Each structure stands twice: as C-alpha cells, then as structure tokens.
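K.L.:
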Ligand code: ZN
C-alpha cells in the first residue's frame, strides 16, 4: 500500500485568519487566538483522517507563515523593523525582519501545536520547519555578514527545536527548502551541509521539501520563464542523494520536471507531488494514479509516497478538502492498477514455469530412460 501525506500547510478557516493569503492577518488575539489555533488544528487533523491520509500534519494552523512562524521565536531578530526585500532571487518582494544580534531560541517554537496534535491523532504526525537556506533568503542580516555563518546559526536552532519535537512524539520532521530550486550552486556548496546540521542526531523520519513555490501569481509567472523542461532538480539531486535526509518531497503533477530525474534519488524515499496546489481544479483519481504510475518507473514502490506539490495554505478550504480526498483515492487506484498488472504478470510467469516444468520433466524422463 502507498502511504499518503501532504507537504504541510492547509488553509486557515475564516474565523482564524484572512483567507487565501500567504501572510494572513489573525482575526482574533490573545487567549481567543490560542483557542482558535487549536480548534483549527483539530479540524484539519479530522479532515486528513477522514480523507484517509496516513501521515498527517497540524496544517501549520498556528503560524502565520512557514518561515516567520519560526523566526518569531528567535532572539536576535528585530521584528519591529521590517524591510522590503526581493526574495527567491528577486522573484517577489516581501517585508522581512532584520537579524541584529546573535541568534538564540527564546524557548520552544512548535511545542503547543505538536503536543496538541499528538494527543488528538493516532496517525503518524509530521511537523514542518523552514530549512536554513530558505530562512536566510527570507530575512535581512545586519549582524553575521555572511550567509553561510547565518545559515549554520539557524541550523543549530532548528536542530534544537527538531530534537524537542521528536521528544514531543512527532514521527516525521520536514525541512522546507524552496530556495534549493533557486540557488543550486549554493545548495551544493553549503545548503545541504546546513540541512544535515539541522537534522543532526534525529532518530525520527526526516524530510526535505523542495518545490517551485506556493501557487501564488509570482510563482506561476516565474514558472513560465523556466522553459519546456525544468532541470533544477537534476543539479542538486546527486548531492542530495548523499545527504542524511531520508525523504525528498517534490513537485511533480502539472510541472515540467522530467520524471526520469527521480532516479537520481536512488535509496531515498520520494514524496511525489500528485496534487497541484496552483490550480483550483480538483484532480481526478485517475490523474493522480497516472502520475504515480509514471514515477514508479523510476522510484521503487516501497520508496514512493504520494503527496501534494506544495503546501495548500493560500487555497480555498473546500477545494483543499476535495484535493485531500483526490490524493488518497488516486493512491488507492494506483494500487489497484498495480495489483492487476502483478496478477497479469504472475499468470504469465506461472504459465511459463509450467511450460518450462513440462520440458524439464520430459528431458529428465529422457535421461532416466535406460541407455
Ligand atoms: Zn512548497
């Protein structure tokens, strides 16, 4: 059976935050906000379970943004002074906080939502963290003056939180590194080292998610400039295959990534994106099963996990629910197809064996004939 999961984030309900935004403002505050975050987490755990997902997440309901949700808990960052910065190689502009001193965790980052989720689901639980390279690309720096030093400082903090999450009972820790598809040379020079540092000593399952970004307009426009074949993965996969990270989460459906690139990840689990988060059109189980079928040519079945292309945070809530169902139904259909194919193969090979068997019998009979 294929085990299904999602990249991580899910839409926030309208009573928690602004909808269909990447940096949504909270609708309530104080104790009411904490309660609303928990309620939303519970809602999405149930939706994921009802859809039939095997590895569930907290839907990132307790953080405003996948990077800044972590940074808010780090000392040495000035959030009162945000500056406009071009991020992902100037693909789009964001208001980012500034590193002004040595970095240190103020305390636990995701303990509340991780422990709460753990208490409310029997399924395997995944919690996501931003990767060091993506953090460095989403923050201004006035203190370290060196990207690699800054990344390693963040990697240490991420590791501290990841180890604590493992103790909270989290089964899977994922680092989100969309920047890996942008700065491919830096990935090989220091990005993977920083990632391995963040995951150091973890005994739970570790994942890195590398996509072509959320389904926002800036990313859709950027993808149009990438040509007929997207080969960013080709540059980084060989190095990534040597990293300590066990699973790689990728964008696949409706992308122009040549599927044969997946063979460069030999030995790793591959979370294949079979759900497009940049389109409101809900995939049919058949479409999902077709993508799984194509990936199976290059990834062994036991290493293949059907997943979403990216997080679903900026999507419509009902569409996201429908897409969760499509993901699981597609995976089940792919299994059915495999069973039928295998049965077909078994029948043919049984026939062959019987045929060979009968030949052997006759030759043995021939040998045993008195000379
Ligand atoms: Zn993503």
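Residue numbers (our numbering): 235 to 605. Think of the CB as a built atom: it goes at the ideal place given N, C-alpha and C, for glycine as much as any other residue. The structure presented is a predicted model; accordingly, all values stated were derived computationally and were not measured.
Looking only at its own chain, which residues have a Cβ that is under 7 Å from the Cβ of residue 562, when we skip the five neighbours before and after it?
P.N.:
Working through the chain shown from its first residue, we reach residue 562 at position 328. Cβ neighbours of residue 562 beyond the five flanking positions: 238, 285, 286, 287.
K.L.:
Restricting to Cα atoms, I'd like to know which of 347, 575, 312, 429 is closest to residue 373.
P.N.:
As a first step, residue 373 is located in the chain shown; it is residue number 139 there, counting from the start. The shortest C-alpha separation from residue 373 is found at 312.
K.L.:
Give me the Cα-Cα distance between residue 329 and residue 375, rounded to the nearest whole angstrom.
P.N.:
Locating residue 329 in the chain shown gives position 95, where the first residue counts as 1. Locating residue 375 in the chain shown gives position 141, where the first residue counts as 1. So the alpha carbons of these two residues sit roughly 13 Å apart.
K.L.:
Near residue 601, what residues of its chain come up, given a Cβ to Cβ distance below 8 Å and the 5 sequence neighbours on each side ignored?
P.N.:
Translated into the one-based positions of the chain shown, residue 601 becomes position 367. Per-residue confidence for residue 601 stands at a pLDDT of 39, beneath the threshold of 50, marking its modelled position as unreliable; no derived number is given.
K.L.:
So is residue 453 buried or exposed if we call it buried at 16+ other beta carbons inside 10 Å?
P.N.:
Within the chain shown, the letter at position 219 stands for residue 453. So residue 453 ends up on the buried side.
K.L.:
What span of residues does the beta strand (DSSP E) with residue 367 cover, start to end?
P.N.:
Sequence index remark: in the chain shown, residue 367 carries index 133 (1-based). Residue 367 -> not in any beta strand (DSSP E); alpha helix (DSSP H) instead, spanning 366 to 370.
K.L.:
Since residue 407 sits in a beta bridge, which residues does DSSP pair it with?
P.N.:
As a working mapping, residue 407 is identified with position 173 in the chain shown. Paired residues: 361, 440.
K.L.:
Do residue 439 and residue 402 have their C-beta atoms closer together than 8 Å?
P.N.:
For the purposes of this step, residue 439 is taken as the residue at position 205 of the chain shown. For the purposes of this step, residue 402 is taken as the residue at position 168 of the chain shown. Not a contact, by the Cβ cut-off of 8 Å.
K.L.:
Mind checking which residues open and close the beta strand (DSSP E) that includes residue 481?
P.N.:
Within the chain shown, numbered from 1, the residue matching residue 481 stands at position 247. Per DSSP, residue 481 belongs to the beta strand (DSSP E) from 481 to 484.
K.L.:
What are the complete beta strand (DSSP E) segments, minimum 3 residues, inside the segment 245 to 332?
P.N.:
The segment 245 to 332 contains these whole beta strand (DSSP E) runs: 289 to 291, 308 to 321.
K.L.:
Spatial neighbours of residue 421 within its chain, please: CB distance less than 6 Å, with the 5 preceding and 5 following residues excluded, ordered by chain position.
P.N.:
Within the chain shown, numbered from 1, the residue matching residue 421 stands at position 187. Only 414, 470 meet the Cβ criterion.
K.L.:
Could you tell me the distance, in whole angstroms, from the CA atom of residue 593 to the CA atom of residue 527?
P.N.:
The residue labelled residue 593 in the question sits at position 359 within the chain shown. The residue labelled residue 527 in the question sits at position 293 within the chain shown. Note that residue 593 scores a pLDDT of 48, beneath 50, so its modelled location is shaky and nothing firm can be said.
K.L.:
Going by the C-beta, is residue 241 closer than 7 Å to any heavy atom of the ligand ZN?
P.N.:
Start at 1 with the first residue of the chain shown, and residue 241 comes out as number 7. Yes - the ligand ZN has a heavy atom lying nearer than 7 Å to the Cβ of residue 241.
K.L.:
Okay, do the segment 332 to 339 and the segment 251 to 266 touch, 3+ Cβ pairs below 8 Å being the bar?
P.N.:
The segment 332 to 339 vs the segment 251 to 266: no contact.
K.L.:
Between which two residues does the alpha helix (DSSP H) carrying residue 534 extend?
P.N.:
Here the question's residue 534 lines up with position 300 in the chain shown. Premise fails: residue 534 is in no alpha helix (DSSP H) and is neither H nor E.
K.L.:
Is there at least one non-hydrogen atom of the ligand ZN closer than 7 Å to the beta-carbon of residue 273?
P.N.:
For the purposes of this step, residue 273 is identified with residue 39 of the chain shown, where counting begins at 1. No, the beta carbon of residue 273 sits no closer than 7 Å to any heavy atom of the ligand ZN.
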